[in-house]
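Below is one structure, written out as structure tokens; comments come after it.
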Amino acid sequence: MRVVRLASETDFAGWRAAARTLRAAGVAPEGAIWTVDGSGGLSASQAGGGRDDVSFTVPRGFLQLAAPAALHRSPERFALLYRILWRLGREPDLLRLSADPDVAKARAFAQAVDRAAHKMKAFVDFHRVEEPETFAAWYEPAHRVAERTAPFFVRRFAGKRFSLLTPDVCLHWDGEALAVTPGADPADAPAGDSLEDYWRAHYASVFDPVRRNLPAPRLIPEPVESAESRTAAMVSHPAPEPSRRAVRAALRHSRDASYEDGGPTSLEEVAAGVDACRRCDLWRNATQGVPGEGQAGARLMLVGEQPGDREDLAGRPFVGPAGQVLDKALAAAGAPRGETYVTNAVKHFKHELRGKRRLHKTPDAGEVAACRWWLDHERAIVRPRVIVALGATAAQAAFGRPVPIGKSRGQALQLSDQAQGVVTYHPSYLLRLPDADAKAKAFELFVQDLKFAWSLVG
Ligand code: URA
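Numbered by my numbering, the letters in the sequence shown go through residues 630 to 1087 in order.
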């Protein structure tokens, strides 16, 4: 029997090294016991006699599945992953068998971890605990995702300082480097006003050099280190406004982005995340984030530009004047709105104040690019057959390139995720047309385009 001792509950690198050498040494899953930080047994690097020159290939999806699954709280996760790795030797198509109990369990673990990571990003509530600009938060994630989400918080705080305390590990970012210290005790979990005292005591206990009996803070490995250096670089060289070309290139690059990035996996998570989103600055002046509306599985997705004044207050897309035009046109096209998913390229209302009025301002390319992450996830969850872009901003966001409306109307564009794309006017354009004839003509074309899109839905 081989007992493998991993360095920590999140020591995936150690698991990989040990699993690789155990498998190469022919140690069957029943012959290996996986422990964390216990005494006795072999450390991960010793598990295969210290050999690190063992190589064999595993299907591409295995590591994508194993890395998140290893962060699940289940004590059986390391053994389960080793069993799958072992079986892959004889059953190379194993990962395709989604009904296989091992595969199904690992997938469920990975999904639960992804959800936990997303919730952590959306719900950690930082409080200022010290001037200048030091923040602290206490959070208990459902799985061990604190280190995985660290790059997100580092990016969000860039030049500021924060401590994120969890029962698993605590993360401390001082504006330049990230330190990881042991978890804080949930029994002492701070509530409301006591957070500041709790943070002070905890911080002093781990960083005071006199307290030598406590483990030293460690810098955490990839991918956080790379996020750190990226962030440090960002701090010393503030990013210039991206050029239109750079943003377009980024959009093109992200067009086929994998959705296995720890993002939301349900529309409820999208809604929570959109409201908490700080990917750009538009949240500052908006009432709330406005997520899309409709069911996962809707066959037609309609993408507008951004919520307007009414949508910002209601928290729902297309409920104001433009929404009325859209509703009327959908009805005329025979496409029930209730069977569609309606969303926007940008989820917060961008506007300027003119007296008491909030006047719409077109989102810039950087804001559209930042919000594209949400649109991609909505798309991955809803999986529409047809996506209708209402206007140029929506077309840029949904199709990853500028699409001239006049020239491209009435055509089906083939998109990378098997959906088809259709572009048409934005309903606000119809509202702005000054003369009644032009309005009626444009409305007719708008209905025609929606009818065409609905016919593609099948
Ligand atoms: N215009 C849009 O693009 N979206 C809305 O939700 C409302 C108006």
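Ideal placement from N, C-alpha and C gives every residue a C-beta, glycine not left out.
query                                                                                                                                                                            : result
Which same chain residues end up closer than 6 Å to residue 581 when comparing Cβ atoms and leaving out the 5 residues on each side of it in sequence?                           : Any property of residue 581 remains undetermined from this structure, which presents the chain solely from 630 to 1087.
Between the C-alpha atoms of residue 760 and residue 810, what's the straight-line distance to the nearest angstrom?                                                             : 23 Å
Using a 10 Å radius around the Cβ and a threshold of 16 neighbouring Cβ atoms, would you call residue 1163 buried or exposed?                                                    : A query on residue 1163 cannot be resolved here, the shown segment of the chain reaching from 630 to 1087 and no further.
How about residue 617 and residue 1013: are their beta carbons less than 8 Å apart?                                                                                              : There is no way to answer for residue 617, as the model of the chain reaches only from 630 to 1087.
For residue 716, which option in 687, 739, 696, 743 has the closest C-alpha, if you only look at C-alpha atoms?                                                                  : 687
What do you get for residue 1060, buried or exposed, if any count of 16 or more other CB atoms within 10 angstroms of its CB means buried?                                       : exposed
List the residues that DSSP assigns as beta-bridge partners of residue 790.                                                                                                      : 763
To the nearest angstrom, report how far apart residue 1011 and residue 925 are at their CA atoms.                                                                                : 4 Å
For residue 899 versus residue 1023, is the C-beta distance shorter than 8 Å?                                                                                                    : no
Need the endpoints of the alpha helix (DSSP H) that residue 1058 sits in, please.                                                                                                : 1056–1061
Drop a sphere of 10 angstroms on the beta-carbon of residue 991, count the other beta-carbons inside from all chains shown, and report buried for 16 or more, exposed for fewer. : exposed
If contacts are defined as beta-carbon pairs under 8 Å, then residue 710 and residue 735 qualify, I think. What distance do you get, rounded to the angstrom?                    : 7 Å
So the beta strand (DSSP E) residue 753 belongs to, where does it begin and stop?                                                                                                : Element bounds for residue 753: n/a, residue is neither H nor E.
Would you mind giving the Cβ-Cβ distance between residue 742 and residue 807, rounded to the nearest angstrom? I have them listed as a contact below 8 Å.                        : In fact, because the Cβ distance is near 21 Å, the residues do not count as touching under 8 Å.
If you count every other CB in all the chains shown that lies within 10 Å of the CB of residue 643, and 16 or more means buried, which is it?                                    : buried
Any idea which residues DSSP pairs residue 972 with across the strands?                                                                                                          : 932
Pick helix, strand or coil for residue 865, following the three-state DSSP scheme.                                                                                               : Confidence at residue 865 is low in this model, with a pLDDT of 26, below 50, so its placement is unreliable and the value that follows should be read with caution. Looking at residue 865 - three-state DSSP - the assignment turns out to be helix.
Alpha carbons only, please: which of 664, 911, 907 is nearest the one belonging to residue 633?                                                                                  : 664
Tell me, which residues are paired with residue 663 by DSSP?                                                                                                                     : 633
Taking 8 Å as the limit between beta carbons, can you name the residues of its chain near residue 838, skipping five residues before and five after?                             : For residue 838, the predicted model reports a pLDDT of 43, less than 50, meaning its position is unreliable and no value from the coordinates is stated.
Would you mind stating whether residue 958 and residue 1079 have Cβ atoms separated by less than 8 Å?                                                                            : yes
Between the C-alpha atoms of residue 917 and residue 939, what's the straight-line distance to the nearest angstrom?                                                             : 11 Å
Using a Cβ-Cβ cutoff of less than 7 Å, which residues in the same chain neighbour residue 961 once the five nearest sequence positions on both sides are dropped?                : 1076
Residues in the same chain with beta-carbon distance under 6 Å from residue 750, minus the five sequence neighbours each way, listed in chain order, please.                     : 778, 781
Below 7 Å CB to CB, which residues in the same chain sit around residue 769 once its five sequence neighbours on both sides are set aside?                                       : 795, 796, 815
Taking 8 Å as the threshold (C-beta atoms), are residue 661 and residue 631 in contact?                                                                                          : yes
For the putative contact between residue 1021 and residue 1034, defined by C-beta atoms under 8 Å, what is the C-beta separation to the nearest angstrom?                        : 6 Å
State buried or exposed for residue 935, treating a residue as buried only when at least 16 other CB atoms are found within 10 Å of its CB.                                      : buried
Less than 8 Å between the C-beta atoms of residue 793 and residue 766, yes or no?                                                                                                : yes
Which whole-angstrom value is the C-beta distance of residue 976 and residue 903, which I expect to be below 8 Å?                                                                : 5 Å
Can you have a look at residue 941 and say buried or exposed, based on whether 16 or more other CB atoms are within 10 angstroms of its CB?                                      : buried
Between which two residues does the alpha helix (DSSP H) harbouring residue 1000 extend?                                                                                         : 994–1011
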